[in-house]
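**Student:**
Protein chains in written order, with the working numbering: chain P, 1462 to 1620; chain E, 56 to 136; chain H, 51 to 336; chain C, 5 to 754.
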């Protein structure tokens, strides 16, 4: 099983790696590139903890092959803050105590960022349905949705 | 002497009584006294118990004082989730 | 195992034909799950997402041709397609989460051949045609003829679905898809139902197709259900007859998601509700 | 949050406690830098994988690992032969047998062998090369079927002395609690309800699968990194399994991605240590989601029979419950806690609960948030509701009439000190939710719930840095934000800003023994130790100030973050702030610290009342949660946002348990839904906002009045939702989950 050479861009950085043909993008990020921010909660696309964007499209990185990243633009949680400046969603999640254990937080933040890029002024129901693919077992989602709506408002006022 | 409440399924080891008297001034003396007077309780005491003294739960504190008029209740060993 | 990403349909067909154990990768949201649980272990993966032709949504003969590599998310962003075929688009958009929508495709959902596939009942009701390409050339096949049993399709060696064609729509026609799941998202359909219909100026139904998912080994096209609508004003009586016909056609099993009785009953409920939505979308009096 | 009743230590006006600061570990968690179990790596690390039994019950005749060992890249293969037999310690022996089967595979997914290899792919291939010869035995997975005469018996000689003779060998223990004369009590009732209730097994559902990395040298010294609710428990359990000294094994807790009781034991750690010792390399093991569901502690499934007597005006005259719980293939279901907590919210003259611990061919149970209590409350609160409504009485009024108060003798024998149940019921009655209008196919349900608390070994070390900032080291993994609470209590006690304190979770080499993070004990017990450690540091800082001022130590007191003379005759020295004392610490005697080790007792209990509105689709039986309000007594909410988080998280786990979650076994004893697709936990779009009302009836056993709140919130939802569905669907559901097919069938047969 010869490995595949992939040239891609991750969080704006040109990146090259070798991976098995059947290796997922999630395993490449975590085990080859040391980016452990994306988490594996299920490996079958049912929990969303491994959410990243590929060419701007929100996906589960456990259901994408590393080989498919050739020439793509991948964005992960590690690229969400800008130097020491947190993204408004990151700040609001902390302010609203929208996380307890935090294992689902990276996937939820990437998904919420994608939501606000597509729907800058979502209703609560739109936010809940967009984020239905990100399972959280600690919070009951209440404070997460409040943090997302609060961040949306702040970002609309800033734009 | 201290009045100790035993839960129902252990009463078989205390001649059917759910209230027994033990000479004890501390939690350790209570547990040792129970094991001494009612050998049938030893398996459960080995498996572990909690003791409620005047409404508050104690698991291990041997030297926790017990007043003669304290309400003392034997409970299954508490663990949480 | 090897991963290849052909640039053209011909190249894909050639690869599929001469590789002993090759599987097509479109969205991968079924294939990669089966590979991880050792239910699939292909020698070769043929990724079709670099074939430009398969990534297009184009209008053709008044209808729509949707490439096999077009994701559900891309379909949900095409307002004109949604205007013509709201039921087909909503059926595809109910597959999994937003993250799954970023990857899954109608053709992949069709070829995975699950009886509970969400996009297939709506496609069948729409009278959609699958364009099959292979070593023997190209042929157009009604979508309901692709799946033949759970996990099995009628495709031959080296054949793949290149695109799905949704036919042109006469005036006052529309469609709808509903499914029943215990949660509000993320579940596999316990029952699915697609209804497509056309009304005349007086609001009388002149044509209808009704399709059920998750109530038999494959998605069903239920002619008796369609007959219950054609010639009526899709009124309460017609809807009751539709529901009865849908329940009668359902031949489900009991499994971890639902019982026989439940699926039979809910098949009728969804058929009636989907028909009411399709009627309203087609301009019929609600 | 006004304090509802006064006592001396709790009347102080808190400066930090009660506010909502940002948690110290927040930045790492929102940037992806936080390191969870599976994020740990080491040079030369191997990957470990487990081979699991496909059979529900089978004797292991032989295991041939030769082919696997011969595969290039495989460095070690272990089976139960690699572990020594544990004598006269059933508790630890069962844990080891569950980590690695010995004579028999007890359930589908039971570990029978494990390999360590240089890559995941090689490890997976090696598993396929291990041949296990099984002698398949008959199995049983249902709790009631397990105790029939012809049911296959799982263990010989594990039935204990409390079980009457002649019962199935699968019955392990019998518990009985209560007081009074049941028959007399029931005779005095105007109506006696007899009904049986069943609930299916559910899983804690934490999103992070179990993960660890072990590194064990030939000299017997070892290091272990793992996600756990108690790394000291992991150390002690693994040391007992390997017969090694506890001090030789250092366990470091990673961040934990949820536990809820499911990570209060070990599943992978002993196997990883054995593989590491045998291969001479660090070994990392991470479970897949299906392994987590097939082979790690779900809670028990239950079968409960209730007999409840009530007068026309709503007084409960007699209450009896028989509880049968199966906790998987090993003794230890939480039936004793179900039996003790079933009627705990009520003041009953005649009450009796009998609990049976039963084994079946299912994975070994682990605690799940108030273990044993939700299933018991489902039965009791449903029965009370049905009787009350049968007499046309208001369900809240009936609960108020029977509510336990200070001085009530509880059903488990203890007379209550000050408790908050009545306060939660009154708050519920006055809340706008109780009188909000309802539409068609809608209904409202209420239920009460209770859970114990306890202290347990706790160590905290608090250090003052030369620049006057404070570091707190504790030994309890922080799942729900407890590091913030510890920093708040330290800052409160020292009179300094919260931002000056940083709390970390220290490894087992840094502190004395610590009990596991469970039983809602952390804010209570670790908070107490943090306060005492801060007080110790204050005493030392006052001593240093006294030295500098040349006055007696007793003449110095600590006010608002500084040492100052206690009175006029102590001299008019200007106050010395913490920072000033810290800056001169090396001159006045050396570094300053305060530490506290204790087994704090005197934890209070926490009561709650839940209120929920549901809407049922009459055509499909689907139940939708419209509105949810939690009323719970927290004693003192240190960080209100995280107290609300416990209320909301527990309620939503209860919603999943009530509506959709269940372990589904086929006839072949194999788990059919070992994944998040068909083990359906609630998703964001299923739910409304979860409203919370925090009550504060102080717990006299804590300096700030704190009560443990982490578990009570999962107890009421099962019944509250069932009581709501009895209105919205008009059917009394006595089985969980209330899945649409069951609700529809019940409505159709009405």
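Glycine included, every Cβ here is placed at the ideal spot set by N, Cα and C. On a predicted model such as this, the values are computed, not experimentally measured, just so you know.
Short of 7 Å Cβ to Cβ, which residues in the segment 515 to 534 of chain C face chain E?
**Tutor:** Of all residues in the segment 515 to 534 of chain C, 522, 523, 524 and 525 have a Cβ within less than 7 Å of some Cβ in chain E.
**Student:** So what does DSSP say about residue 1616 of chain P, is it helix, strand or coil?
**Tutor:** Here the question's residue 1616 of chain P lines up with position 155 in the first chain. Residue 1616 of chain P falls in the helix class under three-state DSSP.
**Student:** Under 9 Å, CB to CB, which of the residues in the segment 597 to 608 of chain C have a partner in chain E?
**Tutor:** Residues 603, 605, 606, 607 and 608.
**Student:** In the DSSP output, which residue or residues are listed as bridge partners for residue 329 of chain C?
**Tutor:** Numbered from 1 along the fourth chain, position 325 holds the residue referred to as residue 329 of chain C. Paired residue(s): C:306 and C:361.
**Student:** Leaving aside the five residues before and after residue 198 of chain H along the sequence, list all residues of the same chain whose C-beta is less than 8 Å from its C-beta, in chain order.
**Tutor:** On the third chain, residue 198 of chain H is found 148 positions in, with the first residue counted as 1. Closer than 8 Å at Cβ, skipping near neighbours: 163, 204 and 268.
**Student:** Do residue 719 of chain C and residue 244 of chain C count as a contact pair if the criterion is CB distance below 9 Å?
**Tutor:** For the purposes of this step, residue 244 of chain C is taken as the residue at position 240 of the fourth chain. For the purposes of this step, residue 719 of chain C is taken as the residue at position 715 of the fourth chain. No.
**Student:** Buried or exposed for residue 191 of chain C, please, with buried defined as at least 16 other CB atoms from any protein chain shown within 10 angstroms of its CB.
**Tutor:** Locating residue 191 of chain C in the fourth chain gives position 187, where the first residue counts as 1. By the 10 Å Cβ count, residue 191 of chain C comes out exposed.
**Student:** Secondary structure at residue 289 of chain C, three-state DSSP: helix, strand or coil?
**Tutor:** As a first step, residue 289 of chain C is located in the fourth chain; it is residue number 285 there, counting from the start. Three-state result, residue 289 of chain C: strand.
**Student:** Any C-beta of chain C within less than 7 Å: which residues of the segment 217 to 245 of chain H qualify?
**Tutor:** Under the 7 Å Cβ criterion, the segment 217 to 245 of chain H contributes 230, 232, 233, 234, 235, 236, 237 and 238.
**Student:** Can you confirm whether residue 52 of chain C, when its beta carbon is compared against all beta carbons of chain P, has any partner nearer than 9 Å?
**Tutor:** Mapped onto the fourth chain, residue 52 of chain C falls at position 48. Answer no: the Cβ-Cβ gap between residue 52 of chain C and chain P never drops below 9 Å.
**Student:** Under 9 Å between C-beta atoms, does residue 1464 of chain P make it to chain A?
**Tutor:** Of the chains in the structure shown, none is chain A; the protein chains are P, E, H and C.
**Student:** What do you get for residue 493 of chain C, buried or exposed, if any count of 16 or more other CB atoms within 10 angstroms of its CB means buried?
**Tutor:** Residue 493 of chain C sits at position 489 when you count from the first residue of the fourth chain. Buried.
**Student:** On the premise that residue 1502 of chain P lies in contact with residue 212 of chain C, defined as a C-beta separation below 8 Å, what is that separation, rounded to the nearest angstrom?
**Tutor:** Position 208 of the fourth chain, counted from the first residue, corresponds to residue 212 of chain C. Position 41 of the first chain, counted from the first residue, corresponds to residue 1502 of chain P. Going by Cβ atoms, the distance from residue 212 of chain C to residue 1502 of chain P rounds to 7 Å, so yes, they are a contact pair.
**Student:** Taking the C-alpha atoms as reference points, what is the distance between residue 330 of chain H and residue 176 of chain H?
**Tutor:** Looking up residue 330 of chain H in the third chain gives position 280. Looking up residue 176 of chain H in the third chain gives position 126. Cα-Cα distance, rounded: 17 Å.
**Student:** Whole angstroms are fine: how far does the CA of residue 287 of chain H sit from the CA of residue 200 of chain H?
**Tutor:** Here residue 200 of chain H refers to the residue found at position 150 of the third chain. Here residue 287 of chain H refers to the residue found at position 237 of the third chain. So the alpha carbons of these two residues sit roughly 35 Å apart.
**Student:** Within the same chain, show all residues whose beta-carbon is closer than 6 Å to that of residue 167 of chain C, passing over the 5 residues directly before and after it, in chain order.
**Tutor:** Numbered from 1 along the fourth chain, position 163 holds the residue referred to as residue 167 of chain C. Only 175 and 178 meet the Cβ criterion.
**Student:** Over the uninterrupted alpha helix (DSSP H) stretch that includes residue 235 of chain C, give me the two end residues.
**Tutor:** If you number the fourth chain from 1, residue 235 of chain C lands on position 231. Run containing residue 235 of chain C: 235 to 246, per the alpha helix (DSSP H) assignment.
**Student:** Counting C-beta neighbours from all protein chains within 10 Å, is the total for residue 117 of chain E 16 or more, i.e. buried, or is it exposed?
**Tutor:** Against the second chain, residue 117 of chain E aligns to sequence position 62. When all chains shown are included, residue 117 of chain E counts as exposed.
**Student:** Out of C:344, C:747 and C:659, state which residue places its alpha-carbon closest to the alpha-carbon of residue 63 of chain E.
**Tutor:** As a working mapping, residue 63 of chain E is identified with position 8 in the second chain. Among C:344, C:747 and C:659, the Cα nearest to that of residue 63 of chain E is on C:344.
**Student:** Starting from the Cα of residue 444 of chain C, find the closest Cα among C:72, C:561, C:618 and C:229 and give me that residue.
**Tutor:** Taking the fourth chain and counting its residues from 1, one reaches residue 444 of chain C at position 440. It is C:618 whose Cα lies nearest to the Cα of residue 444 of chain C.
**Student:** Considering only residues of the segment 503 to 556 of chain C, which uninterrupted alpha helix (DSSP H) runs meet the minimum length of 4 residues and lie entirely inside it, listed in chain order?
**Tutor:** Entirely contained in the segment 503 to 556 of chain C, the alpha helix (DSSP H) runs reaching 4 residues are, in chain order, 531 to 553.
**Student:** Is there a C-beta anywhere in chain P that falls below 9 Å from the one on residue 147 of chain H?
**Tutor:** Within the third chain, numbered from 1, the residue matching residue 147 of chain H stands at position 97. Yes - at least one Cβ of chain P is within 9 Å of the one on residue 147 of chain H.
**Student:** Considering only the alpha carbon of each residue, which of H:84, H:138, H:253 and H:251 lies closest to residue 243 of chain H?
**Tutor:** Along the third chain, read from residue 1 onward, the residue named residue 243 of chain H stands at position 193. Selected option, being the one with the closest Cα: H:138.
**Student:** What are the boundary residues of the alpha helix (DSSP H) that includes residue 722 of chain C?
**Tutor:** Counted from its first residue, the fourth chain places residue 722 of chain C at position 718. Here the alpha helix (DSSP H) through residue 722 of chain C covers 721 to 732.
**Student:** Quick one: which chain E residues come within Cβ less than 7 Å of residue 418 of chain C?
**Tutor:** Here residue 418 of chain C is taken as the residue at index 414 of the fourth chain, counted from 1. Simply 107, 110 and 128.
**Student:** Determine the direct distance from the alpha carbon of residue 673 of chain C to that of residue 69 of chain C, and round the result to whole angstroms.
**Tutor:** For this step, residue 69 of chain C is matched to residue 65 along the fourth chain. For this step, residue 673 of chain C is matched to residue 669 along the fourth chain. Looking at the two C-alpha atoms, the distance is approximately 26 Å.
**Student:** For residue 101 of chain H, which residues from the same chain have a beta carbon less than 7 Å from its beta carbon, with the 5 sequence-adjacent residues on both sides left out?
**Tutor:** As a position in the third chain, residue 101 of chain H is number 51, starting the count at 1. For residue 101 of chain H, where only same-chain residues beyond five positions count, the Cβ hits under 7 Å are 56, 57, 58, 59, 62 and 119.
**Student:** Measure how close the beta-carbons of residue 636 of chain C and residue 1601 of chain P come, nearest whole angstrom, since I'm counting them as under 8 Å.
**Tutor:** Residue numbering aside, residue 636 of chain C sits at position 632 when the fourth chain is read from its first letter. Residue numbering aside, residue 1601 of chain P sits at position 140 when the first chain is read from its first letter. Actually they are not in contact, since the Cβ atoms of residue 636 of chain C and residue 1601 of chain P sit about 14 Å apart, beyond 8 Å.
**Student:** Measure the alpha-carbon distance for residue 198 of chain C versus residue 390 of chain C and round it to whole angstroms.
**Tutor:** Position 194 of the fourth chain holds residue 198 of chain C. Position 386 of the fourth chain holds residue 390 of chain C. Distance between the alpha carbons of residue 198 of chain C and residue 390 of chain C: 11 Å.
**Student:** Where residue 230 of chain C and residue 622 of chain C are concerned, what is the direct C-alpha to C-alpha distance, given to the nearest angstrom?
**Tutor:** Taking the fourth chain and counting its residues from 1, one reaches residue 230 of chain C at position 226. Taking the fourth chain and counting its residues from 1, one reaches residue 622 of chain C at position 618. Roughly 48 Å between the two C-alpha positions.
**Student:** Determine, for residue 56 of chain C, whether the minimum Cβ-Cβ distance to residues of chain H falls below 9 Å.
**Tutor:** Start at 1 with the first residue of the fourth chain, and residue 56 of chain C comes out as number 52. So, not an interface residue.
**Student:** For residue 1544 of chain P, decide whether its Cβ has a neighbour in chain C, counting only Cβ atoms nearer than 9 Å.
**Tutor:** Looking up residue 1544 of chain P in the first chain gives position 83. So no, residue 1544 of chain P is outside the interface.
**Student:** Under 9 Å between the Cβ atoms of residue 262 of chain C and residue 209 of chain C?
**Tutor:** Mapped onto the fourth chain, residue 262 of chain C falls at position 258. Mapped onto the fourth chain, residue 209 of chain C falls at position 205. Result yes, Cβ atoms of residue 262 of chain C and residue 209 of chain C sit closer than 9 Å.
**Student:** Would you call residue 1479 of chain P buried or exposed, if buried means 16 or more other Cβ atoms sit within 10 Å of its Cβ?
**Tutor:** The residue given as residue 1479 of chain P occupies position 18 in the first chain. Exposed, because fewer than 16 other Cβ atoms sit within 10 Å of the Cβ of residue 1479 of chain P.
**Student:** Could you name the residues of chain H that residue 1512 of chain P contacts, counting a contact when the two beta carbons are closer than 7 Å?
**Tutor:** Position 51 of the first chain holds residue 1512 of chain P. Within chain H, the residues near residue 1512 of chain P are 149.
**Student:** For residue 99 of chain E, count neighbouring C-beta atoms within 10 Å of its own C-beta (all shown protein chains included) and say buried if the count is 16 or more, exposed if not.
**Tutor:** Reading the second chain from its first residue, position 44 is the one you call residue 99 of chain E. Buried, by the Cβ-count rule.
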